[in-house]
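Chemist: In my numbering, the protein residues as written are 205 to 806.
Structure below; questions to follow.
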């Protein structure tokens with residue numbers, strides 16, 4: 205039976221022994237960094253360390269199974285944990301059990317929002333959210349992350365609540381106690397060791413287990429120094445991480461108090477958007493190197509299922525992890541099963557080693573988190589952004605400012621809203637250009653030296669013709685009509701090849717223009733009409749009143765002539781050579797020669 209199962213996997217899933225070995229090596233490497241990160245990110249969120257480890261097990265495995273990316277590793281992240289901390293700030297400090305139940309409910313809300321996004325296939329809409337929002341958010345999150353660990357790094361007890369501004373909390377912390385010299389020493393030693401080991405790892409291309417190795421070294425050293433062993437009063441010389449039970453959680457239905465919902469909803473929206481943006485950005489980045497074709501909506505669904513399930517399994521909400529995903533890819537993972545294997549390794553480690561977490565010094569975790577914060581700030585990308593575009597600079601600065609001085613939940617929502625608000629005017633900009641038939645019989649864009657034509661006006665429109673573009677569309681069409689009347693022009697060729705996504709507002713504008721032109725005795729020919737636009741014309745009944753011989757659809761299969769040339773020739777036919785008194789037209793070859801030589805160039 206076992207051999208049959210193996211053969212089935214090989215035959216139907218194409219999962220060979222070579223892929224299994226590569227995935228296992230990558231999984232061990234990922235697990236080595238996920239263990240300390242799971243504990244540390246729970247510390248950032250202000251919850252029990254076990255919830256971070258549970259997230260590194262269950263959300264990682266579930267999202268890997270349902271996801272599209274072969275290398276994306278999900279689970280707890282520093283940015284998500286910061287938003288969780290802020291979102292749970294309305295709970296009183298001594299109401300820890302309520303805060304935990306609120307966190308589980310938050311995970312369910314986040315997952316539900318992400319699943320709705322996936323079901324309605326809205327995952328592709330994330331491409332309209334500028335990456336500068338993520339850059340700004342990560343920069344702001346890094347600053348908050350570093351500031352939030354100052355207390356642990358100095359051995360001071362954090363003062364204030366999540367409702368207080370971060371710099372005010374920092375001030376209360378620094379002035380509310382005496383610095384613990386041992387804690388400060390541990391923080392410094394941890395940072396120095398981590399930097400040295402990272403250099404060795406990169407130089408000799410060793411497995412990226414430096415964070416775990418540093419944590420083990422420092423924890424063992426402080427244990428033998430007696431700093432993490434409780435004294436007679438039950439207290440340790442330096443603060444330590446809470447103990448994690450050597451067990452996995454059973455399914456748990458969170459307690460629901462409806463007065464929590466409004467308090468949690470803002471954070472749930474922020475985490476849902478941030479989680480999808482993080483995960484998709486990381487998956488895209490790796491896919492660009494591997495050539496993998498991603499299904500964005502499927503990945504959104506995987507994120508949602510992971511967080512929804514995690515809410516019932518006592519998990520800290522999570523998303524795609526940049527560090528763990530990069531390590532998974534660099535360690536040679538071949539399939540998304542590497543994420544499942546990493547989760548299994550973490551689960552085994554929790555069952556076997558969890559009680560030892562009570563000897564992990566909080567200053568050591570603080571040192572690693574401060575390093576993580578520094579690495580989150582992408583200085584080369586920031587410099588590039590500030591040089592490249594004022595649009596992106598505004599997004600980065602506003603997102604960073606909102607994260608640090610207002611609220612981290614608002615920062616991502618503000619960035620997303622601004623990104624969309626600033627995108628819409630850009631998308632609504634349609635371009636118009638007058639075309640002309642030159643003396644050589646070329647249809648091209650008109651330049652200032654071209655003589656004016658008093659018989660035919662050829663005009664090209666380009667852009668998204670939806671409600672946002674209606675004012676620009678009105679301006680172009682009104683100008684065409686007025687110019688035709690003032691110059692005695694009898695025919696207008698309107699090229700629509702490059703217009704996209706028509707809606708009812710702009711269709712009405714075009715229809716109004718055509719009706720007005722007919723009343724004024726102007727002949728309007730529509731050239732380059734693409735199938736999408738033709739279907740829209742048909743649905744609103746253009747065929748009932750607009751002459752079909754004046755509609756020239758774009759036919760990409762016909763490479764002998766373009767719709768624009770056909771429309772221009774037809775306009776000359778309608779005018780006739782005898783009735784065409786335009787000096788510009790007279791200077792062009794006569795009709796038969798023009799028909800043979802006319803060609804299009806834009």
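Just so you know, even glycine gets a beta-carbon here, dropped at the ideal spot from N, CA and C.
All values reported here derive from a predicted model rather than from experimental measurement.
(1) Measure how close the beta-carbons of residue 729 and residue 775 come, nearest whole angstrom, since I'm counting them as under 8 Å.
(2) Between which residues of its own chain and residue 531 is the CB-CB distance below 7 Å, once the five residues before and five after are set aside?
(3) DSSP three-state call for residue 763: helix, strand or coil?
(4) So is residue 317 buried or exposed if we call it buried at 16+ other beta carbons inside 10 Å?
(5) Starting from residue 482, trace the alpha helix (DSSP H) both ways and give me its first and last residue.
(6) How many Å lie between residue 574 and residue 273 at the Cα?
(7) Identify the residues that DSSP records as bridge partners of residue 278: which are they?
(8) Keeping to the same chain, check which residues put their C-beta closer than 7 Å to that of residue 758; ignore five residues upstream and five downstream.
(9) Per DSSP, which one or two residues make a beta bridge with residue 727?
(10) Do you know whose CA, among 634, 695, 627 and 497, lies nearest residue 657's CA?
(11) Report the partner residues of residue 638 according to the DSSP bridge assignment.
(12) Determine the closest residue to residue 727 out of 703, 693, 706 and 748, with distance taken between C-alpha atoms.
(13) Compare the beta carbon distance of residue 510 and residue 266 with 8 Å and say whether it is the shorter of the two.
(14) Taking a contact to mean a Cβ-Cβ separation below 8 Å, would you say residue 522 touches residue 515 in this structure?
(15) The beta strand (DSSP E) that contains residue 649, what's its start and end?
(16) Residue 763 to residue 691, Cα distance in whole Å?
(17) What do you get for residue 449, buried or exposed, if any count of 16 or more other CB atoms within 10 angstroms of its CB means buried?
(18) Can residue 253 and residue 260 be called in contact, C-beta distance under 8 Å?
(19) What is the DSSP secondary structure of residue 717, reduced to helix, strand or coil?
(20) At the 8 Å Cβ level, is residue 457 part of the contact set with chain D, yes or no?
(21) For a test of the three-state rule: what should DSSP assign to residue 770, helix, strand or coil?
(22) Would you call the CB atoms of residue 342 and residue 283 closer than 8 Å?
(23) So, using beta-carbon positions, are residue 592 and residue 270 closer together than 8 Å?
(24) Give me the residue from 722, 664 and 608 with the minimum Cα distance to residue 352.
(25) Tell me whether residue 732 sits in a helix, a strand or coil according to DSSP, three-state version.
(26) Round the Cβ separation of residue 340 and residue 603 to the nearest angstrom and send it over; I've been treating them as touching at under 8 Å.
(27) Can you list, in chain order, the residues of its chain with a C-beta nearer than 6 Å to that of residue 230? Leave out the 5 residues immediately preceding and following it.
(28) On the DSSP bridge assignment, give the partners of residue 704 in chain order.
(29) Take the Cβ of residue 703 as the centre, count every other Cβ of all protein chains shown within 10 Å, and call the residue buried at 16 or more, exposed below.
(30) Can you find the residues in the same chain that come closer than 6 Å, C-beta to C-beta, to residue 793, ignoring five residues on each side of it along the sequence?
(31) If you draw a straight line from the alpha carbon of residue 482 to that of residue 524, how long is it in whole angstroms?
(32) From the DSSP secondary-structure annotation, give me the bridge partner or partners of residue 757.
(33) Can you give me the start and stop residues for the alpha helix (DSSP H) that residue 360 sits inside?
(34) Under the DSSP definition of a beta bridge, which residues are partnered with residue 565?
(35) Among 327, 563, 487 and 773, which one has its Cα closest to the Cα of residue 434?
(36) What beta strand (DSSP E) runs, 3 residues minimum, are completely inside the region 540-599?
Modeler: On the basis of the data shown:
(1) 6 Å
(2) 233, 234, 237 and 412
(3) The predicted position of residue 763 is uncertain, since its pLDDT is 48 and thus under 50; no value can be drawn from it.
(4) buried
(5) 464-494
(6) Their Cα atoms are separated by approximately 29 Å.
(7) Beta-bridge pairing links residue 278 to 524.
(8) 701, 732, 733, 734 and 767
(9) 695
(10) 695
(11) 663
(12) Taking only the C-alpha atoms, the option nearest residue 727 is 693.
(13) yes
(14) No, the pair does not count as a contact, with Cβ atoms beyond the cut-off.
(15) For residue 649, the enclosing beta strand (DSSP E) starts and ends at 646-649.
(16) Since pLDDT at residue 763 reaches only 48, below the 50 mark, its modelled position is unreliable, and the value read off the structure follows with that caveat. Taking the straight line from one Cα to the other gives about 34 Å.
(17) exposed
(18) Not in contact: residue 253 and residue 260 (Cβ atoms no closer than 8 Å).
(19) helix
(20) Among the protein chains of the structure shown there is no chain D, as only one such chain exists.
(21) helix
(22) yes
(23) no
(24) 608
(25) strand
(26) Between residue 340 and residue 603, the beta carbon gap of about 3 Å places them in contact (Cβ cut-off 8 Å).
(27) 532, 535, 536, 537 and 542
(28) 668
(29) buried
(30) Residue placement at residue 793 is flagged as unreliable, the pLDDT there being 47, under the threshold of 50; a coordinate-derived value is accordingly withheld.
(31) Cα to Cα, the separation comes out at about 6 Å.
(32) DSSP output for residue 757 lists 733 as bridge partner(s).
(33) Here residue 360 belongs to no alpha helix (DSSP H), and DSSP marks it neither H nor E.
(34) 444
(35) 563
(36) none
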